[in-house]
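Below is one structure, written out as C-alpha cells; comments come after it.
In the numbering used here, the protein residues as written are 32 to 543.
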C-alpha cells in the first residue's frame, strides 16, 4: 500500500510563564552571564495570566477552539484584541495552567527528581482530581510533597533548580548525577517537561480517537530534545517513557530527530510502518521545548509587547491502515531535500513542493493549502524574523509563476487562497507544518478540502556538523477508490466501489 490513514489528532499547550521567566534560554543565559539587567528587571511586567493566554486567538486556533477562518478574521493585533471569554478546551486539546503542569511533571518523574512542596502538592492533587483525562493511576503517582525547608536545602546545597508559582518556590528539580552534565538539573527539567507535554497530547489523542491506551502498538516521539548520559548523549527513549505514563502497556517505540523537520520525517516513518503492515497503528507525538520559551522576549520587552512565548506546544497523531474512509497520507510521492539539492529557498521549495507534485502529475493549484513553518508572526515580526508562513507561501507562488502554472499578477491571490496564517508557538519542531494537520484532516473528512501539503524544514547547521539544509513533505488528501485493500468488504460495499471506479473511467474516456 502507498497510503496510511489519519484517524485522529491532538494539540495541547502548557501555559508556563514562570518556567519561561526562569528557564527559557534567553533569560537563563542573561541571568548567568549578566546576573541582572534592565531586560530581566522588566520581563516580569510582561508576563500574561492564564486567562490572557487562553483568550489569545493563535493559542485557541492551535487547540481547535477557533477555526483558521475565525483566526484570520479576528481583529489584529491579536495580543491587543483578546477574546472576551477565555477558552481552556478546544476540539483537539487544551491549554493547561502552570500549577497543573507542575503536577504532571511530578507524575512523569520516575527517579524522584521532582520534589513538590507539601501544601502545593495537596493543592495540585485536588486540581487534577477534576481533570477528565488524568486517571486514578496517574494521580496515584503524585507525591505527597516535602517541607519547603528540604526543597530550599536541595536548591542551596545540591544544585537543584527551584520551581516557582506566583513568585514563590513550590518545588524543585534535582540533578541526576554529581558530575554528568547530561543529567544536570536543567537538562532533566527540559526532558521531563518534554515528556509531560507528550503525555498530555497522548491522553487527548486517545480521547479524540475513542481508543483505549492498551490498543496503541507503536509510538514515535519527534521533539528536539535528546535524553541520555555522558556516555551516549542522545540515546532516548522519550516514546516509551510517554507510553508508560499514559498506560500504553502494549506499545513499543522510538525517537526520531531532525530539528524542525523531525515531525514530518517521523510521520513518514510511522505511516510507512502502518502501510507495510509492520504495525497495526502508530502514534507520532512530541512535547515542547523549555529553552525556546521567551526566546524572542528581549525584542518583545523592548517594544512594549507581552512576552508571547509562554506556552509549550505538544501534539499527537494516530496513523492506521487506509480503510477507504479516512483522510490519508500519500507515500508514493514524498518531498525529500537531498544532499545535493542546494540550500537556496528556490532549491528547497523545488525539492519539497514541485518535485513531488510533478511525480503525481499534479499542478500547484491542485493543492488547496500548503503548510510550512507556521510560526505566529506576532512573535517573529518584532524580532526581525519576518512573517515566515507568508514568506513560504510567496516562494511557492513564485515557483508556480516560474513554471508557467499561474500568472505573475495572480501571485498574491494564490498566497491568500493557498497559504496559511501562522498560529503555532515558536517551539522549533512544533510549527513546521504539523499544526495544520488536524485542521486539514477535518476539512478533508467533512468535504471542505481535497488536498493539503505538510512541509517540514530543518536547520542542520545548528549542530555544527554540516551546513546543509533539510526538509521533507507529504500530501494528505481524501481517500481514493481502490486505495484500501478489498479484503473484508461486503458485497454491497464492493459493488459501490466497482460502480465508482467505472464512473471514473467513463468520465476519463468522455474527456478524451
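Where a beta carbon is used, it is the ideal one built from N, C-alpha and C, also for glycine.
- Counting only unbroken stretches of 3 or more residues, the beta strand (DSSP E) elements lying wholly within the region 273-320 are 283-286, 313-317, in sequence order.
- Residue 335 sits exposed, since fewer than 16 C-beta atoms from the chains shown fall within 10 Å of its C-beta.
- Here residue 88 is near residue 109, since their CB atoms are less than 7 Å apart.
- Here residue 490 is bridged, per DSSP, to 500.
- In the three-state reduction of the DSSP assignment, residue 260 falls in the strand class.
- Per DSSP, residue 400 is one residue of the beta strand (DSSP E) stretching across 400-403.
- Taking 7 Å as the cut-off, the Cβ atoms of residue 238 and residue 459 do not count as close.
- Around the CB of residue 233, 16 or more other CB atoms lie within 10 Å, so the residue is classed as buried.
- Counting other Cβ atoms within 10 Å of its Cβ, residue 45 reaches 16 or more and is therefore classed as buried.
- Within the region 59-97, the alpha helix (DSSP H) runs of at least 4 residues that lie entirely inside it are, in chain order, 69-73, 81-84, 88-93.
- Residue 367 carries a strand assignment under DSSP once its states are collapsed to helix, strand and coil.
- Cβ contact annotation for residue 267 (same chain, cutoff 6 Å, sequence separation greater than five): 258, 286, in chain order.
- Take the alpha-carbon of residue 409 and the one of residue 302: they are about 34 Å apart.
- Taking 7 Å as the cut-off, the beta carbon of residue 467 is found no closer than this to the beta carbon of residue 436.
- The beta-bridge partner set that DSSP reports for residue 203 consists of 146, 193.
- In terms of Cβ geometry, residue 420 and residue 405 form a close pair [threshold 7 Å].
- Pairing residue 492 with residue 102 gives a Cβ-Cβ distance that is not under 7 Å.
- In the DSSP assignment, the residues bridged to residue 482 are 508.
- DSSP places residue 376 inside the alpha helix (DSSP H), whose first and last residues are 376-380.
- No Cβ-Cβ contact shorter than 7 Å links residue 332 with residue 251.
- A contact between stretches requires three or more CB pairs, one per stretch, nearer than 8 Å, and the region 193-202 fails this requirement with the region 166-174.
- Residue nearest to residue 446 within the set 427, 457, 456, 434 is 427 (criterion: CA-CA distance).
- At least 7 Å separates the beta-carbon of residue 452 from that of residue 294.
- Distance from the Cα of residue 307 is smallest, within the candidate group 229, 321, 343, 363, for 363.
- Using a Cβ-Cβ distance cut-off of 8 Å, the region 474-490 and the region 51-58 are not in contact, since fewer than three pairs of beta carbons, one from each stretch, lie closer than that value.
- Note on residue 463: 16 or more other CB atoms within 10 angstroms of its CB, so buried under the neighbour-count rule.
- Under DSSP, residue 325 forms no beta bridge with any residue.
- Residue 205 has its alpha-carbon roughly 42 Å from the corresponding atom of residue 370.
- Listed in chain order, the non-local C-beta contacts of residue 311 below 6 Å within the same chain comprise 248, local neighbours out to five positions each way being set aside.
- Residue burial is scored here from C-beta neighbours: residue 138 has at least 16 other C-beta atoms within 10 angstroms and is therefore classed as buried.
- Residues of the same chain with their beta carbon placed closer than 6 Å to that of residue 443 are lacking, with the five preceding and five following residues left out of the count.
- The continuous stretches of alpha helix (DSSP H) do not include residue 119, and DSSP gives it neither H nor E.
- Using a C-beta cut-off of 8 Å, the region 336-356 makes contact with the region 217-236, since at least three inter-stretch Cβ pairs fall below that distance.
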